[in-house]
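Protein chains in written order, with this note's numbering: chain A, 1 to 413; chain B, 1001 to 1413. Structure first, commentary second.
2 protein chains.
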Amino acid sequence: MRRAARARDAADPLAHLRARFVVGEDDIYCVGNSLGLPRVEAAERAAAFVREQWGTHRVAGWNRAGWMEAPFRVGDTIGRLIGAAPGQVVVGDTTTLQLHRALHAALDLRPEPTPTKRVIVVDAENFPADLYIAEGVAEARGCTLRRVPMAELGQAMNEEVAVLAASHVNFRDARALDMAELTQRAHAVGALAIWDLAHSTGVFDLQLDALEVDFAVGCTYKYLNGGPGAPAFLYANRRHHGRVRSRTPGWLGHRAPFDMAPDYEAAPGIRAFLCGTPRMASLDAMAFALELIEGVSMAAARRKSMELGEAFIAGVERFAADHELALLSPRRAEERGAHVALTHPRAQPLARALASRGVAVDFRAPDTLRFAFAPMYTRHLDAVESAARLGELLAEGADHDPAFAGSGDGPVT
Amino acid sequence: MRRAARARDAADPLAHLRARFVVGEDDIYCVGNSLGLPRVEAAERAAAFVREQWGTHRVAGWNRAGWMEAPFRVGDTIGRLIGAAPGQVVVGDTTTLQLHRALHAALDLRPEPTPTKRVIVVDAENFPADLYIAEGVAEARGCTLRRVPMAELGQAMNEEVAVLAASHVNFRDARALDMAELTQRAHAVGALAIWDLAHSTGVFDLQLDALEVDFAVGCTYKYLNGGPGAPAFLYANRRHHGRVRSRTPGWLGHRAPFDMAPDYEAAPGIRAFLCGTPRMASLDAMAFALELIEGVSMAAARRKSMELGEAFIAGVERFAADHELALLSPRRAEERGAHVALTHPRAQPLARALASRGVAVDFRAPDTLRFAFAPMYTRHLDAVESAARLGELLAEGADHDPAFAGSGDGPVT
């Protein structure tokens, strides 16, 4: 299997990218679904931002260094990765706050808000923060929140539904929903579709414009490698521009911020979705991360991450049944995002044992291990090796080894 | 006057701080009210964050490098500058979003919300974004927004008022409100007081706990030198903890974020006011900026900025009447923040002419110049020099010089 993996690496059109990231030769990092890696020159770029932009232009940087436009410039670059034409993506705040904004906007857009069309349908297995924020918005707007299992979302689309809000790829088991079909079903009943792309941006060939998605939000510190807590993005389809009132009307979303007018008048276009002052250091880091991958074909990235997942699962299947190990993710690559979730009764000691063998994975209480295969820096060999080392550890009984017991790190998302 | 200024600089207990910032010997930067300056080592620190934290700890940094606690750790440091005991300040998001949060929380806290107590009083001359967000919250909560001129805020406190939201120091003319008196007046009628400290944090000896302020929000990229778009802060007085429901319930404000529970249960304490994933690069830059000034006496900082403003105004008064120049700020230092606003019919060409003589100031349409005297890096000599150079330029007729006409930069805030 290692030989085959090496051959695939040799033929991999994305293989050259790995050398551009801070990752060692024997370093298998399977947590790109939580926090992506920095580029080799990211530290120098961060210093250059302080030295050549903040320290040099000082306050004039807002105009002279183009800081004012950064949320839209970086947004357009992300747009190219998600199938959005320019002028529909803004970068800023957090995914949670962008979802808050999108949900309110979608509710505003129901052409005939009737007492009978007041249901927000959410994917019941969605990331908890998405559920919390949807609950909050539903309460604020006097709507009903309906939590529907992923597999039943299509059937749940009926005339009562105003908004469907779901994650394209589930954070836990990587199950991918059919975005095309569900968006169409939502539209067919007069509802709007909001997609959380946290676990799909950068690893799927997304086509938001073509699918006529209404709104989407996403995270940039996973497969886009923006750095810990890098700003989120909001996609608002052009047909909704100018028709939405922001619930968080900020001065930079004003038609003329520097008029300092006492009343809010929304800017035209995507600009109306901007609120406060852009976080420039983060945006610059984001722009730098994107420079590397904006030319990468998302179809190729998706293909590679599917292959990596397949190779990993094939490796695991050789010993899983003997060791209480089960596949939580869908078996078919087409139904899966870029990570693979396994369950095991002693998942936490296993995660620690893997770390001791150079394989960083993510443990989710109580019994889940997630192995992410970020296509930009993960090799085919890494997928095969991580399965092989997991098998070795189980054969050695590492899951029972007291050296790996006890409480430990619980990484984010 | 220059000799006297040099003598004051020689005796200035904060004089040593200037050498710690990126600022040249003949460089007079009077825009610290908009964007503060970087520390000399800020570029290296930004690089070190990427190299030693993100690149080294990777996803484990959330626990091992203390990222999870950063919003509260940095919050407590800011707390020391604003007279807040630990556990009451969180850093994140933008000032606008924090104000949104504070306004909703304050409305939640009215013990007996009655139809007659539904008025939000805002300072009518407040920063526009504050007015926009207050308007939005008032509409969302079915309240009345009452815009009251700064001088009449005290009289406006009556039994109908649920919340007073005002800026301590006005962004335009630097007029400072009496926080103690207004907070007391608000409380006397059963209202809560929310203060926007954007233009006072780092330049006033604030005492939020002692004044029993309810909520406060503020900006860290002005006098705290956090960098362009650095995260904002929210102060929530301890007595309100556990009694507020967030309108933007985020996963990191949950009692147990890693339980991934489908329902939101607020964390105890200030933690409930956190929402999304912390922006770590910005928080680390902020922590670094604060390391330098957290030991500085805010009383000394306030005293110095008052002296600088006085020296500047005294200089300007020698020629103002001859050149259509008027003082927009209060004449008494006690009633003024750290900047001084002047009006002149040709303020914009004057701002450009000043820049050509090494004095960076801020122009606000149509006729205002703002000179900020950030006490951490501004010398007494700078205050005297900036007045003197303004006088020279007016004497030379630079405001009529076509070289300085035309449209130009409009810096932020």
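We put the CB at the ideal spot given by N, CA and C, even for glycine.
Is there a Cβ from chain A that is less than 8 Å from the Cβ of residue 1183 of chain B?
In the second sequence, residue 1183 of chain B corresponds to position 183, counting from 1. Not closer than 8 Å to any Cβ of chain A, the Cβ of residue 1183 of chain B fails to qualify, so no.
Cα-Cα separation between residue 199 of chain A and residue 211 of chain A, rounded to whole angstroms
Here residue 199 of chain A refers to the residue found at position 199 of the first sequence. Here residue 211 of chain A refers to the residue found at position 211 of the first sequence. If I take the Cα positions, the gap works out to 18 Å.
Per DSSP, which residues does residue 28 of chain A bridge with? Please list them.
Your numbering for residue 28 of chain A matches position 28 in the first sequence. Answer is A/359.
Is there a C-beta anywhere in chain B that falls below 8 Å from the one on residue 59 of chain A?
Stepping through the first sequence from its first residue, residue 59 of chain A is reached at position 59. It does: the Cβ of residue 59 of chain A has a partner Cβ on chain B nearer than 8 Å.
Residue 51 of chain A touches chain B at which residues, Cβ-Cβ below 7 Å?
In the first sequence, residue 51 of chain A corresponds to position 51, counting from 1. Going along chain B in sequence order, the residues near residue 51 of chain A (Cβ under 7 Å) are 1043.
Helix, strand or coil at residue 368 of chain A according to DSSP, with G and I counted as helix:
For the purposes of this step, residue 368 of chain A is taken as the residue at position 368 of the first sequence. Residue state, collapsed to three classes: strand.
Given a cut-off of 8 Å, decide if residue 160 of chain A and residue 117 of chain A are closer than it, judged by their beta-carbon atoms.
For the purposes of this step, residue 117 of chain A is identified with residue 117 of the first sequence, where counting begins at 1. For the purposes of this step, residue 160 of chain A is identified with residue 160 of the first sequence, where counting begins at 1. Closer than 8 Å, so yes.
Terminal residues of the continuous beta strand (DSSP E) containing residue 123 of chain A?
Within the first sequence, numbered from 1, the residue matching residue 123 of chain A stands at position 123. Residue 123 of chain A -> beta strand (DSSP E) spans 119-123.
Please return the same chain residues whose Cβ sits closer than 7 Å to the Cβ of residue 1191 of chain B, not counting the five positions on each side in sequence.
Looking up residue 1191 of chain B in the second sequence gives position 191. Cβ neighbours of residue 1191 of chain B beyond the five flanking positions: 1157, 1161, 1162, 1163, 1164.
Would you verify that the beta carbon of residue 136 of chain A is, or is not, closer than 8 Å to some beta carbon of chain B?
Here residue 136 of chain A corresponds to residue number 136 of the first sequence, with the count starting at 1. At least one chain B Cβ lies under 8 Å of residue 136 of chain A.
Using the rule of at least 16 other Cβ atoms within 10 Å of the residue's Cβ for burial, across every protein chain shown, is residue 1125 of chain B buried or exposed?
For the purposes of this step, residue 1125 of chain B is taken as the residue at position 125 of the second sequence. Classification for residue 1125 of chain B: buried.
Under 7 Å between beta-carbons, which chain B residues line up against residue 247 of chain A? List them in chain order, please.
As a working mapping, residue 247 of chain A is identified with position 247 in the first sequence. Going along chain B in sequence order, the residues near residue 247 of chain A (Cβ under 7 Å) are 1136, 1140.
Taking all protein chains shown into account, do 16 or more other C-beta atoms lie within 10 angstroms of the C-beta of residue 1411 of chain B, making it buried, or fewer, making it exposed?
Taking the first residue of the second sequence as position 1, residue 1411 of chain B is located at position 411. Low local confidence applies: a pLDDT of 43 at residue 1411 of chain B is under 50, so the model's placement there is unreliable, and no value is given.
For residue 1093 of chain B, go through chain A and note every residue whose CB falls closer than 8 Å to its CB, in chain order.
For the purposes of this step, residue 1093 of chain B is identified with residue 93 of the second sequence, where counting begins at 1. Correct list: 93, 94, 97, 276.
Tell me, please, whether the CB atom of residue 1202 of chain B is closer than 8 Å to any CB atom in chain A?
Sequence index remark: in the second sequence, residue 1202 of chain B carries index 202 (1-based). By this cut-off, residue 1202 of chain B is not an interface position.
The ligand GTP heavy atoms versus the CB of residue 383 of chain A: any closer than 7 Å?
In the structure shown, the ligand GTP is absent, as is every other ligand, since no ligand is present at all.
So, residue 1217 of chain B versus residue 1053 of chain B, is the Cβ gap smaller than 8 Å?
The sequence position of residue 1217 of chain B within the second sequence is 217, counting from 1. The sequence position of residue 1053 of chain B within the second sequence is 53, counting from 1. No.
Status (buried if at least 16 other CB within 10 Å, exposed otherwise) for residue 1100 of chain B:
Mapped onto the second sequence, residue 1100 of chain B falls at position 100. That one is buried.
What residues of chain B sit near residue 282 of chain A, judged by a beta carbon separation below 7 Å?
Position 282 of the first sequence, counted from the start, is the residue given in the question as residue 282 of chain A. Here the neighbours are 1279, 1281, 1282.
Residue 218 of chain A, DSSP secondary structure in three states:
The residue given as residue 218 of chain A occupies position 218 in the first sequence. Note: residue 218 of chain A maps to strand in three-state DSSP.
CA nearest to the CA of residue 313 of chain A, picked from A/382, A/104, A/277, A/51
Position 313 of the first sequence, counting from 1, holds the residue named residue 313 of chain A. That would be A/382, whose Cα lies nearest to the Cα of residue 313 of chain A.
Residue 85 of chain A and residue 79 of chain A look like a contact to me (Cβ under 8 Å); what is the Cβ gap, rounded to whole Å?
Position 85 of the first sequence holds residue 85 of chain A. Position 79 of the first sequence holds residue 79 of chain A. Residue 85 of chain A to residue 79 of chain A, Cβ: 7 Å. Contact.
Can you look up residue 380 of chain A in the DSSP assignment and give me helix, strand or coil?
Here residue 380 of chain A corresponds to residue number 380 of the first sequence, with the count starting at 1. Correct three-state label for residue 380 of chain A: helix.
Would you verify that the beta carbon of residue 411 of chain A is, or is not, closer than 8 Å to some beta carbon of chain B?
Within the first sequence, residue 411 of chain A is the residue found at index 411, counting from 1. Summary for residue 411 of chain A: the model assigns pLDDT 43, below 50, so the residue's position carries little reliability, and this model does not support an answer.
Is the beta carbon of residue 414 of chain A sitting closer than 8 Å to the one on residue 341 of chain A?
For residue 414 of chain A there is no data in the structure shown, the boundaries of chain A being 1 and 413.
Short-range partners of chain A found in the segment 1214-1244 of chain B, where Cβ spacing is below 9 Å
1219, 1221, 1227, 1228, 1229, 1230, 1231, 1232
Can you list the residues of chain B that residue 251 of chain A reaches, using a CB-CB cut of under 8 Å?
Indexing the first sequence from 1 puts residue 251 of chain A at position 251. The contacting residues are 1096, 1127, 1128, 1129, 1132.
Under 9 Å by beta carbon: chain A residues contacting residue 1260 of chain B:
Counted from its first residue, the second sequence places residue 1260 of chain B at position 260. Neighbours of residue 1260 of chain B on chain A, chain order: 127, 128, 171, 172, 364, 365.
Can you check which of these residues, A/20, A/77, A/255, A/144, is closest to residue 1129 of chain B by C-alpha distance?
Walking along the second sequence from the start, residue 1129 of chain B turns up at place 129. Of A/20, A/77, A/255, A/144, the residue nearest in Cα terms is A/255.
Per DSSP, what are the beta-bridge partners of residue 1167 of chain B in this structure?
For this step, residue 1167 of chain B is matched to residue 167 along the second sequence. Answer is B/1196.
Please identify the residue among B/1145, B/1277, B/1081, B/1365 whose C-alpha is closest to the C-alpha of residue 229 of chain A.
Numbered from 1 along the first sequence, position 229 holds the residue referred to as residue 229 of chain A. The shortest Cα separation from residue 229 of chain A among B/1145, B/1277, B/1081, B/1365 belongs to B/1277.
Please confirm if residue 1377 of chain B has its CB atom under 8 Å from at least one CB of chain A.
As a working mapping, residue 1377 of chain B is identified with position 377 in the second sequence. Chain A, which has no Cβ nearer than 8 Å to the Cβ of residue 1377 of chain B, makes this no.
Could you check whether the segment 389-396 of chain A touches the segment 34-41 of chain A, counting it as contact only if at least three pairs of C-beta atoms, one from each stretch, sit closer than 8 Å?
no
Does the pairing of the segment 1292-1303 of chain B with the segment 1267-1284 of chain B give three or more beta-carbon distances under 8 Å?
no
Mark residue 1259 of chain B as exposed unless 16 or more other C-beta atoms lie within 10 angstroms of its C-beta, in which case mark it buried.
Your numbering for residue 1259 of chain B matches position 259 in the second sequence. That one is exposed.
Based on the DSSP secondary-structure assignment, which residues constitute the bridge partners of residue 1090 of chain B?
Counted from its first residue, the second sequence places residue 1090 of chain B at position 90. Partner(s): B/1234.
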